[in-house]
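K.L.:
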Amino acid sequence: MILNSPRGTSDIFGSDIEYRNFIINNAKRLFSIFNYKELITPTFEHTQVFSRSIGDGTDIVQKEMYTFSDKKGRSLTLRPEGTASIVRAIIENKMYSGYLPVKVFYTGSMFRYERPQKGRMREFYQIGAEAVGTDNPIIDSEIIWLLETFFKNLGFKKLKLFINSMGCSRCRKEFVGKFKLFLEPKVDKLCTDCQKRYDLNPLRIFDCKKDNCINLISDSPKIYSSLCSDCKSHFKKVLYFLDALKIKYTVDSNLVRGFDYYTKTIFEFVSKDLQSAQNALGGGGRYDNLIQQFGGPDIPAIGFAVGVDRILMLMKQLNLEAGKEKDESKIYVIVLDGSCEEYSFDILKYLREKNYVCDLNYNIRALNSELKWAEKNGYDFAAIIGENEVKAGEVTIKDIKKRKQYKIKWDREKEKLDNLIRRAGDQANQAI
Ligand code: HAM
């Protein structure tokens, strides 16, 4: 019996790997420019790390966590998101005791037991960043600025940024009271999920995609009207800095996010081109109380995460390229006869010692098929070695892109090959 990967997971290979590395490397370059340092946390944590922070009433904690007991009966959970682990790590390692804010980033698999569909997986890959230790609205706009630049660098042109403020715990409490009062006469008309949310986590009703629920809350009070003067002024400053950075946004007073830890600024980048309900490429927000709730000092924080799988899917759908970061010429060594293998090894060894990207045809096929395959797979040069080349102590070099061919005396003229490859690389880099 052939075994398949578990539902909601996938194997990643071929061009998807190129896209994925391109996305991750782009993010890492930006993190370095914006001065975020990498922090790697375990893939699983004590269950409480998530249940305490994300919130008992959230869908994630209620239904979606991969929780298991280890052999000593301890409850552990595969991380459904990165923020809670980062907060745990910052507190445990007292990283807050030096310069603030602590600016960190992370990449890795997250796990949520959701119903899989296009763009929604049970294991998915996130890139995220957190800035812990300042409530200056500059950092809110900086985080959004980083994210906007990241999407632009990948080639996205039509993403929409939605932003809202959830207020601090005091304004939120006041708003939840007003909202529940507004909904009280309509509760039994809500969908069954929203009826449960009414008691457990009423703000999640704003996230319901069912038309009936959307209509029922269309004229509900808005959180902005409950914001205290501090939260209002904070939000205005964030928008002011976004304007200064010429970042376009839409204030969406119905925007809520699926975690209880958020306070003040929340935001999401959404693509209309992702037709499914899973159209959010990334999002985040402030969580000013979480560090203290975790037993750390009373310091505010903000962060975001993006979903690499969704970004990759959309890049392919929009024909955006996973461009080369710096051009590396690729050389394919084509052996035409088994008797030439030893000779070709000398060439391959030389190329690899020079750090060129190269490979060899392990199964000998007709030259034409090999050349076609090399072209299709992005090789720039073929180094062709047959019986004639071995006898003459030569290598035939084919510039696949320019469709030119050269002969090189191998022991005397190796540098000619270097010159050819370098020139091709320089030209490509100039073009970039
Ligand atoms: P989130 O909105 O749950 O936020 O996830 C961020 C991104 O991860 C989503 O926009 C989406 O692209 C991707 N994602 C989420 N669930 C799935 C899934 N099942 N399949 C594929 N992709 C998915 C967070 O995780 C917060 N920790 C963000 C944050 C950081 N807030 C503050 N700091």
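Numbering (the working numbering), first residue to last: 2 to 433.
Cβ coordinates follow ideal geometry from the N, Cα and C atoms, glycine included.
State the start and end residues of the unbroken alpha helix (DSSP H) segment that holds Val-257.
P.N.:
Counting along the chain, Val-257 falls outside any alpha helix (DSSP H), and DSSP gives it neither H nor E.
K.L.:
So for Tyr-262, helix, strand or coil by DSSP?
P.N.:
coil
K.L.:
Quick one: grab the DSSP three-state call for Asn-430.
P.N.:
Low local confidence applies: a pLDDT of 42 at Asn-430 is under 50, so the model's placement there is unreliable, and no value is given.
K.L.:
Classify Thr-48 as helix, strand or coil using the three-state DSSP reduction.
P.N.:
helix
K.L.:
Tell me whether the beta-carbon of Leu-418 lies closer than 8 angstroms to the beta-carbon of Ile-398.
P.N.:
yes
K.L.:
Distance check for Ser-330 and Ile-422, CA to CA, integer angstroms please.
P.N.:
6 angstroms
K.L.:
Determine the contact status of Thr-251 and Lys-161, defining contact as a CB-CB distance below 8 angstroms.
P.N.:
yes
K.L.:
Report back the beta-carbon spacing between Phe-180 and Ser-221 to the nearest angstrom; my notes put them in contact at under 8 angstroms.
P.N.:
6 angstroms
K.L.:
Using only the heavy atoms of the ligand HAM, determine whether one of them is closer than 7 angstroms to the beta carbon of Gly-259.
P.N.:
yes
K.L.:
How do the stretch 35 to 48 and the stretch 73 to 90 stand: do at least 3 beta-carbon pairs fall below 8 angstroms, yes or no?
P.N.:
Taking 8 angstroms as the limit for Cβ pairs, the verdict is that the stretch 73 to 90 does touch the stretch 35 to 48.
K.L.:
When you measure from the CB of Glu-131 to every non-hydrogen atom of the ligand HAM, does any distance come out below 7 angstroms?
P.N.:
Yes, the Cβ of Glu-131 comes within 7 angstroms of a heavy atom of the ligand HAM.
K.L.:
Tell me, which residues are paired with Leu-361 by DSSP?
P.N.:
Val-334
K.L.:
Considering only heavy atoms of the ligand HAM, does any lie closer than 7 angstroms to the CB of Gly-308?
P.N.:
yes
K.L.:
Determine the direct distance from the alpha carbon of Ala-90 to that of Met-96, and round the result to whole angstroms.
P.N.:
8 angstroms
K.L.:
Once you ignore the five residues that flank Phe-305 on each side, which residues in its own chain have a CB closer than 7 angstroms to its CB?
P.N.:
Gly-129, Ala-130, Ile-144, Leu-148, Gly-283, Gly-284 and Gly-285, listed in sequence order.
K.L.:
Restricting to runs no shorter than 4 residues, where is the alpha helix (DSSP H) found entirely within the stretch 275 to 316?
P.N.:
Those alpha helix (DSSP H) runs which fall completely within the stretch 275 to 316 and span 4+ residues are 291 to 294.
K.L.:
Taking the runs of the beta strand (DSSP E) that are 3 residues or longer, which of them lie wholly in the stretch 124 to 167?
P.N.:
124 to 133 and 161 to 166
K.L.:
Where does the unbroken alpha helix (DSSP H) through Gly-324 begin, and where does it stop?
P.N.:
Unbroken run through Gly-324: none, as it is neither H nor E.
K.L.:
Opposite Tyr-407 in the DSSP bridges: which residues?
P.N.:
Ile-398
K.L.:
Of all the alpha helix (DSSP H) runs that stay within the bounds of the stretch 170 to 202, which reach a length of 4 or more residues?
P.N.:
170 to 184 and 193 to 201
K.L.:
Could you tell me if the beta carbon of Gly-284 falls within a distance shorter than 7 angstroms of some heavy atom in the ligand HAM?
P.N.:
yes
K.L.:
Need the endpoints of the beta strand (DSSP E) that Phe-106 sits in, please.
P.N.:
For Phe-106, the enclosing beta strand (DSSP E) has its first and last residue at 103 to 112.
K.L.:
DSSP has Lys-38 in a bridge; who is on the other side?
P.N.:
Val-105
K.L.:
If we ignore side chains and look at the alpha-carbon of each, how far apart do Cys-195 and Tyr-263 end up?
P.N.:
20 angstroms
K.L.:
Ignore the nearest five residues each way along the sequence and tell me which others in Glu-371's own chain have a CB closer than 8 angstroms to its CB.
P.N.:
Tyr-333, Ile-335, Asn-362 and Ala-383
K.L.:
State the DSSP-derived secondary structure class of Phe-32, mapped to helix, strand or coil.
P.N.:
In the structure shown, Phe-32 falls within a helical segment according to DSSP collapsed to helix, strand and coil.
K.L.:
Helix, strand or coil, according to DSSP, for Leu-228 in the structure here?
P.N.:
coil
K.L.:
Return yes when the Cβ of Ala-302 is within less than 8 angstroms of the Cβ of Ile-292, no when it is not.
P.N.:
yes
K.L.:
For Arg-423, which three-state DSSP category applies?
P.N.:
helix
K.L.:
Contact defined as beta carbons within less than 8 angstroms: I believe Ser-142 pairs with Phe-242. What is the distance between those atoms, to the nearest angstrom?
P.N.:
4 angstroms
K.L.:
Can a CB atom of chain B be found closer than 8 angstroms to the CB of Gln-279?
P.N.:
The chain inventory of the structure shown lacks chain B, comprising one protein chain alone.
K.L.:
So which of Leu-313, Leu-352, Tyr-351 and Asn-364 has the shortest CA-CA distance to Gly-339?
P.N.:
Asn-364
K.L.:
Where Lys-405 and Gly-394 are concerned, what is the direct C-alpha to C-alpha distance, given to the nearest angstrom?
P.N.:
20 angstroms
K.L.:
Which residue spans inside the stretch 206 to 250 form an unbroken alpha helix (DSSP H) run of at least 4?
P.N.:
212 to 217 and 230 to 245
K.L.:
For Lys-159 and Lys-273, which I take to be in contact (beta-carbon distance under 8 angstroms), what is that distance rounded to the nearest angstrom?
P.N.:
7 angstroms
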